[in-house]
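Q: Supplied in structure tokens, the structure appears directly below.
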Amino acid sequence: MSFDTTVVSSGPQDTVTTPIFGRTLATVPLPRKHAETFKPEFEFGEHGYIGDAITLTLAVVTYGQINGLAGDFYATYNPICMGNTFEDQIKRFQDAYATLAMDIKRQPDEAQAILAVLQTEVDVVNEAVRVHRDPSIVHHIIPDATATFERITYTRWGNPGYLGISAINFDHFGEDACTAYNAGHTYALRLASAGKLLKAYAANAFADHFLEDLFSAGHLRSPRRMLHTRGGWNPTADFARHVLSMHDEDCAIGLVNAKNLRRCQDAVQASASEIYTASRTHEVPIPRDFLAWNHAPTLESARGDQDLVALFRTPNLRRTDVENRVQTAYTDNWWFGSTSSVLKVSSWWSYPMSLDGPRKVIPWTGLAACNTGALQNTMVFYQDPAGGIRLSKNVNGAWTGGTTAPALVAGQWTAGTLDRFGIKTKWFSSMAASTWAIGDTRYILDDPTGTIRELKYDSSSLEGWRLGATLEGARIGTGLAAAVSLTADRAALSKIHVFHQTTDGVIRDCVWDQNAGTWSRDPAVQITDGAPATLISAVSWQIPGGDAMGIFYSGNVLNQVFQRTSIDRWGAAQMIGTLRRLGTAVAAVQVDNGRTFRAYGQTADNGIFEVSQSNVGPGWNNAVIAAA
Numbered sequence: 242m243s244f245d246t247t248v249v250s251s252g253p254q255d256t257v258t259t260p261i262f263g264r265t266l267a268t269v270p271l272p273r274k275h276a277e278t279f280k281p282e283f284e285f286g287e288h289g290y291i292g293d294a295i296t297l298t299l300a301v302v303t304y305g306q307i308n309g310l311a312g313d314f315y316a317t318y319n320p321i322c323m324g325n326t327f328e329d330q331i332k333r334f335q336d337a338y339a340t341l342a343m344d345i346k347r348q349p350d351e352a353q354a355i356l357a358v359l360q361t362e363v364d365v366v367n368e369a370v371r372v373h374r375d376p377s378i379v380h381h382i383i384p385d386a387t388a389t390f391e392r393i394t395y396t397r398w399g400n401p402g403y404l405g406i407s408a409i410n411f412d413h414f415g416e417d418a419c420t421a422y423n424a425g426h427t428y429a430l431r432l433a434s435a436g437k438l439l440k441a442y443a444a445n446a447f448a449d450h451f452l453e454d455l456f457s458a459g460h461l462r463s464p465r466r467m468l469h470t471r472g473g474w475n476p477t478a479d480f481a482r483h484v485l486s487m488h489d490e491d492c493a494i495g496l497v498n499a500k501n502l503r504r505c506q507d508a509v510q511a512s513a514s515e516i517y518t519a520s521r522t523h524e525v526p527i528p529r530d531f532l533a534w535n536h537a538p539t540l541e542s543a544r545g546d547q548d549l550v551a552l553f554r555t556p557n558l559r560r561t562d563v564e565n566r567v568q569t570a571y572t573d574n575w576w577f578g579s580t581s582s583v584l585k586v587s588s589w590w591s592y593p594m595s596l597d598g599p600r601k602v603i604p605w606t607g608l609a610a611c612n613t614g615a616l617q618n619t620m621v622f623y624q625d626p627a628g629g630i631r632l633s634k635n636v637n638g639a640w641t642g643g644t645t646a647p648a649l650v651a652g653q654w655t656a657g658t659l660d661r662f663g664i665k666t667k668w669f670s671s672m673a674a675s676t677w678a679i680g681d682t683r684y685i686l687d688d689p690t691g692t693i694r695e696l697k698y699d700s701s702s703l704e705g706w707r708l709g710a711t712l713e714g715a716r717i718g719t720g721l722a723a724a725v726s727l728t729a730d731r732a733a734l735s736k737i738h739v740f741h742q743t744t745d746g747v748i749r750d751c752v753w754d755q756n757a758g759t760w761s762r763d764p765a766v767q768i769t770d771g772a773p774a775t776l777i778s779a780v781s782w783q784i785p786g787g788d789a790m791g792i793f794y795s796g797n798v799l800n801q802v803f804q805r806t807s808i809d810r811w812g813a814a815q816m817i818g819t820l821r822r823l824g825t826a827v828a829a830v831q832v833d834n835g836r837t838f839r840a841y842g843q844t845a846d847n848g849i850f851e852v853s854q855s856n857v858g859p860g861w862n863n864a865v866i867a868a869a
């Protein structure tokens, strides 16, 4: 088996947890961690993917909490960018910063309550990083905390709560973000030049939030103020879908690469270094000379020609066809209400987004494959963006089912073929399947709680699919694999093996004994060199006197796939290939008692591919069985 390796790097990507825009997460200097040895980790809802840590000349200072709370949660009714003069803008920044730094009646309790809610978001992103998924594709499955944030903040006297801030959050977008950063950085520089270095760093952390926004395509191009003021203040413009739709579209499809990440890190490093320099020289540079602007993208470059055509443009223009992302035609004859209605029902804003429309298979989908019938045919299971489980079936060389057929198990909000069991799936559900000669099938998946559930299909039963066992003790996010052993005459089931990773990181085998009618754990299977949330696949075949079995899993070198084989005992691990995309699943089957090997994985554009080889045929054959 041979797969090429493609590692996907992510730039600033935003979650969708507010009516107008999402927060971005960042790695920044953390308390009690030295910058030279700091290991990247997402903590406390920090803002923007801005690198491991910035190195400060004097010390390592925590930017994270202030930086993450700035602007999104703490502001006044007077946007910084709308100040009449530069000094007025600086005063507005100072007032906004004071709502976090100076409000002794509400702080620190309020900020700590917000950070506690943000921890859920952080945990989801940390898990994506741990299992080598692109964090940007998990943001939309984070629970919407808007109501919780508003409940924490709505009682502020004289200052807006969470929803009030989001209604006038111009300071986070385009040239207004430049204005907000210039004002805030100047305020921090003045503190530093006056000898108040630590206070200056804290204020600069607040200001850097607006700088980081400029590295997110959804913040840089969206004409936020135009959509607020077109025809006067319009609640539909703010609270329906306009800014959010363009913001999400640009963030999902816009600039995402390691170079942009590095430039963002360099800009924030330059910003912090300039604070220290001001404390030593007692000089405050003017905004056009700020070092951060040597690294930040320009508004002109953002508004230039790109593959993704902006949904809205000044003055008062909208893409003529909102669902055509490469069309350059615009219209000024559009209305907020009708546009909102179109955006609300359009599947083009369902995740995962792409330039050419809705996807039919999720990135990093779980995969399961098994033979059926006379073991010449194959079933492949995978997941759609609604969370449903799809089945592609190869019968006599022709593929049927797939993304155009009804889901086998549906997602959270729609009914599927097996909905009567009340089984719900989550994005990235792991899955396994196995069958034997008479056509009986076992399908295994993990539910949102991490519990492994079994679905049974017995060809002799008129009931069709039935609910089977529930297996406990698995690690949430574990890969799953299933294989069967038959009786000596090959006529009946003897055992079912379900391979999974337990909470201690060990790959184990949970075995169903058909004669005893019980599940138990095989103590002989304890594989310790699997990666966290390892992919697992397994096959079995007949040999004289019994069965042989092979298990495939990703090792600690995370793009490599290893195989172990058991005839009378488990052998040593052998590296057999690498993944096309880091962290994706592989499912394997064998046909004709080991004469043909088939493996299934995910293409670079998120479709499902098959590679197969027969020992009586020429080389490997490749085919795409489900388009993205």
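Counting from 242, one number per residue, gives the positions in the sequence shown under the numbering used here.
Just so it is clear, CB atoms sit at the ideal spot from N, CA and C, and this is done for glycine as well.
Rounding to the nearest angstrom, what Cα-Cα distance links V852 and Y841 in this structure?
A: One C-alpha to the other measures close to 7 Å.
Q: Based on Cα-Cα distance, which residue from N637, P528, M487 lies nearest to G594?
A: Contrary to the premise, residue 594 reads as Met rather than Gly in this sequence. The residue with the shortest Cα to Cα distance from M594 is M487.
Q: With a threshold of 16 other CB atoms inside 10 Å of the CB of T396, please say whether the residue is buried or exposed.
A: Burial call: exposed.
Q: If you draw a straight line from the alpha carbon of V550 to that of H460, how long is it in whole angstroms?
A: Using only the alpha carbons, I get a separation of about 15 Å.
Q: Look up E851 in the DSSP assignment and say whether it is helix, strand or coil.
A: DSSP places E851 in strand when its eight states are reduced to three.
Q: Cβ of S457 within 8 Å of Cβ of C419?
A: Their beta carbons are not under 8 Å apart, which means S457 does not touch C419 by this criterion.
Q: Buried or exposed for R600, going by 16 or more other Cβ atoms inside 10 Å?
A: Classification for R600: buried.
Q: Whole angstroms is fine: what's the gap from N410's alpha carbon to S520's?
A: One C-alpha to the other measures close to 31 Å.
Q: So V586 is in the alpha helix (DSSP H); what residue range does that whole segment cover?
A: It spans 577-586 - the alpha helix (DSSP H) in which V586 sits, taken as one unbroken run.
Q: Relative to the alpha-carbon of G415, which residue among A316, A513, F793, R462 has its alpha-carbon at the smallest distance?
A: Minimum Cα distance to G415 is reached at R462.
Q: Measure the C-alpha to C-alpha separation of T539 and N445 and round it to an integer number of angstroms.
A: Going by the C-alpha atoms only, they are around 21 Å apart.
Q: At the level of alpha carbons, what is the spacing between W760 and I693?
A: Roughly 13 Å separates the two Cα atoms.
Q: Compute the distance between the beta-carbons of T572 and R559, then report whether it is under 8 Å.
A: Yes, the pair counts as a contact, with Cβ atoms nearer than the cut-off.
Q: If you compare alpha carbons, which of G312, W576, V865 is closest to A342?
A: Per the Cα distances, G312.
Q: Anyone know if the C-beta pair for A537 and A508 falls short of 8 Å?
A: In contact: A537 and A508 (Cβ atoms closer than 8 Å).
Q: Would DSSP call S873 helix, strand or coil?
A: With the chain running from 242 to 869 in the structure shown, residue 873 is simply not present.
Q: Closer than 7 Å by C-beta to W753: which residues in its own chain qualify, once you throw out the five before and the five after it? Chain order, please.
A: K736, I737, W760.
Q: Indicate the three-state DSSP secondary structure (helix, strand or coil) for R600 in the structure shown.
A: Coil at R600, not helix or strand.
Q: Only counting the same chain, and skipping five residues up and downstream in sequence, which positions put a Cβ closer than 6 Å to that of A868?
A: The answer, listed in chain order, is G848.
Q: Is it buried or exposed for T728, if we count other Cβ within 10 angstroms and need 16 for buried?
A: Answer is exposed; the Cβ neighbour count stays below 16.
Q: Looking only at C-alpha atoms, which of R749, A829, T769 sits nearest to W782?
A: Looking at the Cα atoms, A829 is the closest of the given residues.
Q: In this structure, how does DSSP classify A267 when only helix, strand and coil are distinguished?
A: Since pLDDT at A267 reaches only 31, below the 50 mark, its modelled position is unreliable, and the value read off the structure follows with that caveat. It is coil, neither helix nor strand.
Q: With a 10 Å radius around its C-beta and 16 neighbouring C-beta atoms as the bar for buried, classify N574 as buried or exposed.
A: By the neighbour-count rule (16 or more Cβ atoms within 10 Å), N574 is not buried but exposed.
Q: DSSP three-state call for N367: helix, strand or coil?
A: Helix, per DSSP.
Q: Measure the C-alpha to C-alpha separation of G629 and L608 and round it to an integer number of angstroms.
A: Each residue's alpha carbon lies about 13 Å from the other.
Q: Name the residue from T606, W576, N618 whose alpha carbon lies nearest to the alpha carbon of Q624.
A: Q624 has its Cα closest to that of T606, out of T606, W576, N618.
Q: Taking the alpha carbon of P764 as the point to measure from, which residue in R810, A757, A723 has its own alpha carbon closest?
A: Residue R810 is the option with its Cα nearest to P764.
Q: Can you tell which of N565, T744, S591, P626 has the C-alpha that lies nearest to the C-alpha of D597?
A: Nearest of N565, T744, S591, P626 to D597, Cα basis: N565.
Q: Do the CB positions of A724 and A674 come within less than 8 Å of each other?
A: Result no, Cβ atoms of A724 and A674 do not sit closer than 8 Å.
Q: Can you tell me whether D449 is buried or exposed? The criterion is at least 16 other CB atoms within 10 Å of its CB, across all chains shown.
A: By the 10 Å Cβ count, D449 comes out buried.
Q: Just how far apart, CA to CA, sit A774 and S670?
A: About 12 Å.
Q: Alpha carbon to alpha carbon, how far is N635 from D699?
A: Answer to the nearest angstrom: the Cα atoms are 19 Å apart.
Q: Which residues mark the beginning and the end of the alpha helix (DSSP H) in which T420 is found?
A: Start and end: 415-434.
Q: For P785, is the classification buried or exposed, using 16 other Cβ atoms within 10 angstroms of its Cβ as the cut-off for buried?
A: Exposed: under 16 other Cβ atoms inside 10 Å.
Q: Alpha helix (DSSP H) containing S407: first to last residue?
A: Its alpha helix (DSSP H) spans residues 403-408.
Q: When you compare only the Cα positions, how much space is there between N325 and D417?
A: Distance between the alpha carbons of N325 and D417: 13 Å.
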